[in-house]
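See structure below.
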Amino acid sequence: MLLQPSSLLNHRVSISSADSYSRQLPCRIPKFILSRTPSFQKLPITCSISQVHSYGTVDFERRPMVKWNALYKKISLMENPELGSASVLNEWEKGGRKLTKWELCRVVKELRKYKRFKQALEVYEWMNNRGERFRFSASDAAIQLDLISKVRGVSSAEDFFLQLPDTLKDKRIYGALLNAYVRARMQEKAESLIDNMRNKGYALHPLPFNVMMTLYMNLKEYDKVESMISEMMEKNIRLDIYSYNIWLSSCGSQGYVERMEQVYEQMKEDRSINPNWTTFSTMATMYIKMGLSEKAEECLRNVESRITGRDRIPYHYLITLYGTVGNKEEVYRIWKVYKSIFPSIPNLGYHAMISSLVRASDIEGAEKIYEEWLSVKTSYDPRIANLLMGLYVKEGNLDKAQSFFNHIADVGGKPNSSSWEILAEGNIQEERIDEALSCLKEAFATEGSRSWRPKPTNVSAFFNLCDEKEDTESREVVVGLLRQSGYLKNEAYASQISLSDGAVESVLPTYSSGDENQDDDSEVLLNQLQGSA
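Under the UniProt record's numbering, residue 533 is the last one in the sequence shown; the count climbs by one each step, no gaps.
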């Protein structure tokens, strides 16, 4: 039965969620950790993440939230983030309010939830500097390693791992490092590490296999997904919901409809598994890719009927997938239901809605939702504006895109690298080399550009235009920017932008961990690992 606006109002509110960690922490291990090196059995498991299954973790929902919530807001809404989380924590305690580890870990959890990794890491750093008050557990080590990998890179995470005492190196810290390798798509290191985990007896449960399958899905090495599934079955390692969902995705990605449906039937027969909304959104996505719209919409109805609690994410998927199918009526219906249940909609929800309307070429509807968002937003997200800018450029209306770009600053926003790239794309279409080059320079220079990489299609189009106009100088400027940013070290990327072998630096490939479209499945899997005993 489809949800109606009132159908979720009486469900228990759940604060727990499956998220990831991060934070800016020095890679050295605090002295108090090295001096104590307590045995694992005596370590309290802190910052555990509540999951689909219960692992005896702290029940966050039953604890008072007033203090930690106020502290979280102070940190997340800092006018000058450069001051760091420590400044807020110090000010808080100067006011006579003593902070507990549970409260700080709850703040970290919330910061991770909204991907404020640097601030989350700073909270841990503050605790590390107060070793006499806060004990450092194996779970803390795993969370910090993951935060370090996000904020400072995999190399720093490896240094952190190597400095840890053996008493803190359990399956969770290995799982955190494995997850860091998978996020960075470092296949050889990930495969070597999971072999090590097998030898240590840390790969006797589905989570490390799920993380590896996520890597193979990202690399489109579907045969290795099947290999992981076979190994689990041979070793009597029971598949969990994540294993099945990845398996479904692997079959669908290869266009094997019957095989995907067979896996689903096997899933239904497994008494330990209850297909969730993610199962059906995965199948819907696969059916859409294969042009089976009716089956896709049937799955979307199953998604809606399986939403529990006050979880916003399924609504974002529903809006996006109905938009992909082209069912604009359902997009608006789900949006109406979503807004009736939640008093406020986050930027991510508006992004999903506008994206779906843009996909359906409903310009008027997209602009109307954008105006609504402007009236309720708490912070300006340039990614939402980029959706409309991209639509204007796609339709050949560069003037309107430029006008909208100027509007971003007028309403207190700040264009990001992608905003500049969209303008560059429009100028490339108009064969304006100088203007396009200027936009690309701005894109590379914009704050946060390290998490951005120009689309190969746009770079190739710019190079082709330079070749047509015999403008080798402009071409070399962009090649220089790409080289300076390290993107040419990735041979796969360099080959996509039609660069000759001579332009590709002969070094080992590096991998970007800042892709905005990176799948968060590995984050969910790792958090489940953190919560396991």
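All C-beta atoms in this analysis are idealised placements derived from N, C-alpha and C, irrespective of residue type, glycine included. Bear in mind that the values here come from a model prediction, so they are computed numbers and not experimental data.
Check	Outcome
First through last residue of the alpha helix (DSSP H) which encompasses residue 206	206-218
Which listed residue (134, 133, 131, 158) has its alpha carbon closest to that of residue 142	158
Residues of its chain near residue 205, where Cβ-Cβ distance is below 7 Å and the 5 sequence neighbours each way are ignored	237
Residue range of the unbroken alpha helix (DSSP H) whose run includes residue 195	187-200
CB of residue 405 within 8 Å of CB of residue 415, strictly	yes
Contact set for residue 97: own chain, Cβ-Cβ below 8 Å, skip 5 residues either direction	67
CA nearest to the CA of residue 328, picked from 303, 363, 212, 80	363
Given 8 Å, three or more beta-carbon pairs between the stretch 489-497 and the stretch 450-458	yes
Unbroken alpha helix (DSSP H) run spanning residue 320, endpoints	313-325
Status (buried if at least 16 other CB within 10 Å, exposed otherwise) for residue 260	buried
DSSP three-state assignment for residue 331, whether helix, strand or coil	helix
Under 8 Å between C-beta atoms of residue 118 and residue 88	no
C-alpha distance - residue 209 paired with residue 314, whole-angstrom precision	25 Å
Three-state secondary structure assigned by DSSP to residue 433	helix
Reduced DSSP secondary structure (H/G/I, E/B, other) of residue 395	coil
Backbone secondary structure at residue 69 - three-state DSSP	helix
Among 224, 74, 433, nearest to residue 110 - alpha-carbon criterion	74
Presumed contact (8 Å Cβ cut-off) between residue 207 and residue 176, rounded CB distance	At roughly 11 Å, the Cβ-Cβ gap does not stay under 8 Å, so residue 207 and residue 176 are not in contact.
Buried or exposed by the 16-neighbour rule on C-beta atoms within 10 Å, applied to residue 169	buried
Bounding residues of the alpha helix (DSSP H) (the contiguous stretch that carries residue 483)	472-484
Candidates 334, 302, 282, of which the one nearest residue 352 by Cα	334
Cβ neighbour criterion (16 or more within 10 Å) applied to residue 43	Here residue 43 scores only 33 on pLDDT, less than 50, and its place in the model should not be relied on; the value that follows carries that caveat. Answer is buried; the Cβ neighbour count reaches 16.
Residue environment, residue 77, which counts as buried when at least 16 other CB atoms sit within 10 Å	exposed
Rounded C-alpha distance that separates residue 475 from residue 348	36 Å
Three-way DSSP call (helix, strand, coil) for residue 256 in this model	coil
Candidates 354, 268, 201, of which the one nearest residue 388 by Cα	354
Three-way DSSP call (helix, strand, coil) for residue 347 in this model	helix
Three-state secondary structure (DSSP) of residue 280	helix
Beta-carbon spacing of residue 323, residue 366 below 8 Å	no
Rounded straight-line distance, which links the Cα of residue 147 to that of residue 30	Since pLDDT at residue 30 reaches only 46, below the 50 mark, its modelled position is unreliable, and no value is offered.
Cα-Cα separation between residue 491 and residue 94, rounded to whole angstroms	52 Å
Coarse secondary structure for residue 463, derived from DSSP in three states	helix
N-terminal and C-terminal residue of the alpha helix (DSSP H) that residue 301 is part of	293-305
For residue 71 and residue 85, the rounded distance between their alpha carbons	10 Å
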